[in-house]
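So in the numbering used here, the last spot in the sequence shown is 499, and the numbers never skip.
For every residue, glycine included, the Cβ atom is placed at its ideal position computed from N, Cα and C.
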Amino acid sequence: MKRKLVREALSSGELLGNKIKVGGWIRTRRDSKGGFSFLELNDGSCLKNLQIIAHEHLPNYRDELLKLHPGASIIAEGSLVESPAAGQSVELEADSIQVLGFCDPLEYPLGKSRISFERLREIAHLRARTNTFGAIARLRNVLADATHRFFQGRGFLYFHAPIITSSDCEGAGEMFQVTHLDLENPPRDPESGKVDYKKDFFGKATKLTVSGQLEAETYACALGNVYTFGPTFRAENSNTARHLAEFWMIEPEMAFADLQDDADLAEDYLRYLFQDILERCPEDLKFFNERIEKGLLDKLENLAEAKFTRISYTEAIKLLEKNSDKFTFKPHWGIDLQSEHERYLSEQLFKGPVIVMDYPKEIKAFYMRLNDDNKTVAAMDVLLPQVGEIIGGSQREERLELLEARIRETGMLPEDYWWYCDLRRFGSVPHAGFGLGFERMVRFCSGMANIRDVIPFPRTPQSAEF
Ligand code: ATP
Ligand code: MN
């Protein structure tokens with residue numbers, strides 16, 4: 034007999050009255066006086082457990098089943114019947130229960146009592162067996178699938194950006210070095226005494242990528258619309274609840290597109306994600322709404338229909354200056370918006386998502402397109418209530434001279450970006466794109482307080498266990 038998922042057993046009326054087989058891990062066992070036990074079985078396919086009735090006449094009842102504790106693994110076969118108990122529709126009357134692996138309750142860290150998220154990070158290899166982390170895993174999966182479906186549905190090509198790179202996207206953060214040299218005794222240039230990377234694996238110094246954007250632009254300028262969805266790395270030495278050293282990013286890049294097209298795409302993508310999880314993860318979202326963040330469902334439902342306000346950076350600064358007394362960091366033209374400013378705009382002033390456009394060039398990356406005022410660039414940040422920036426994007430500078438000038442202005446050499454500049458030399462086209470930090474999105478949609486709890490194995494300063 035082929036195994037059915039607990040989700041299928043609980044949801045499809047078709048299985049009712051049939052013999053089925055399920056497999057999973059015991060959450061609880063309760064022994065009744067009437068000569069049988071109730072086993073709550075979870076297999077990760079959904080939040081809910083399937084109740085299994087084990088009668089004492091089962092041959093291994095006394096020797097094995099009475100020794101089942103939380104965490105033990107079993108395969109059970111039996112009839113799926115209507116349940117007389119409140120709060121569940123069906124239960125499994127077991128004909129046979131095969132114990133695959135016992136679990137010692139004295140050693141198993143996930144007993145009945147609640148464990149803090151901090152402690153669970155130390156046992157991250159087991160935390161997927163809890164309700165919260167099971168729900169996070171399923172939400173993550175749906176958000177990833179929705180991302181692919183959104184872009185594929187619009188004809189975007191999935192582009193695989195390299196992970197090892199020799200280009201620094203924007204000085205976006207400290208980069209991790211990738212080397213094959215003997216760190217105890219690296220080869221050195223005899224004259225300068227500096228480490229000789231010509232002798233390194235790639236013949237030059239290499240890093241882990243902080244963004245796939247520059248490479249994605251090369252494909253957009255050949256294939257039209259593309260998107261990346263891959264891991265990125267930043268040696269962020271800040272211990273915050275929103276920074277990881279390894280995180281996943283989604284970066285669409287569109288040819289023949291300007292900043293307005295970019296903002297349109299960002300809006301459509303975000304609304305699509307919110308709609309999709311509301312439709313496909315109702316049970317897990319309800320759980321988050323009850324246990325993690327009160328009001329989460331209302332928030333997501335509002336955003337799924339929300340109108341996005343678009344304003345220029347200059348206008349935003351004027352509005353913030355009028356309320357200057359509300360901020361620790363006083364706003365004025367030229368500053369990078371701080372989290373408190375971003376939240377004030379989306380939470381207080383516009384009460385919804387806001388797209389701020391056209392930032393001062395000094396505070397943005399070299400590749401962003403210079404506007405006609407010569408002071409601002411065609412950049413946009415999408416701000417959401419609670420979190421502030423969720424997406425950062427721009428129209429890219431497609432004019433060679435201006436790009437080279439900007440590279441020099443930021444203290445770099447156009448030669449180091451020769452292939453990137455070539456895109457402007459050979460059939461240049463206007464193009465635009467953005468980046469969304471996947472974990473920031475999972476965190477926002479689940480209400481989890483710390484970004485370390487929305488990725489299976491978080492990498493942060495001083496921590497890379499597992
Ligand atoms: P922040 O100011 O929050 O550090 P950033 O300006 O460095 O963000 P970008 O360089 O624009 O961010 O990166 C694109 C997106 O990647 C961000 O909008 C954010 O969603 C996400 N992101 C950036 N750094 C991290 C990180 N360390 N961990 C998780 N997500 C991140
Ligand atoms: Mn950063």
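Pairs of beta-carbons, one from the stretch 127-140 and one from the stretch 92-111, closer than 8 Å: are there three or more? yes
Would you check if the distance between the CB atom of A157 and the CB atom of F490 is smaller than 7 Å? yes
Please report the distance separating the alpha-carbon of R182 from that of G468. 17 Å
Between the alpha carbons of M481 and D317, how many angstroms are there, rounded? 13 Å
W281, enclosing beta strand (DSSP E) - first and last residue: 279-288
Residue environment, D497, which counts as buried when at least 16 other CB atoms sit within 10 Å: Per the sequence shown, the amino acid found at residue 497 is Ala instead of Asp. So A497 ends up on the exposed side.
Given 6 Å as the limit, tell me if F280 has its C-beta closer than that to any heavy atom belonging to the ligand ATP. yes
Minimum C-alpha distance to E373 - residue among E217, F362, S78, L176: F362
List the residues that DSSP assigns as beta-bridge partners of W58. N75, S106
Please go through the same chain and pick out, in chain order, the residues whose beta-carbon is closer than 8 Å to the beta-carbon of L49, but skip the five residues on each side of it. L113, V114, E115, V123
Anticipated Cβ contact below 8 Å, R458 with L433, distance rounded: 6 Å
Distance cut-off 6 Å: G425 Cβ against heavy atoms of the ligand ATP: yes
Check the DSSP bridge columns for S65 and list the partner residues they point to. F69
Euclidean distance between Cα positions of V39 and E47: 13 Å
For I440, report the span of its alpha helix (DSSP H) as first-last. 433-442
Buried or exposed for N356, please, with buried defined as at least 16 other CB atoms from any protein chain shown within 10 angstroms of its CB. exposed
Taking the alpha-carbon of T409 as reference, which of D369, P418, Q419, V420 has the nearest alpha-carbon? D369
Which residue comes first and which comes last in the beta strand (DSSP E) that contains D414? 409-417
Taking just the CA atoms, how far does G257 sit from A177? 22 Å
When you compare only the Cα positions, how much space is there between G460 and R267? 33 Å
Which residue marks the beginning of the alpha helix (DSSP H) containing S44, and which one marks its end? 39-44
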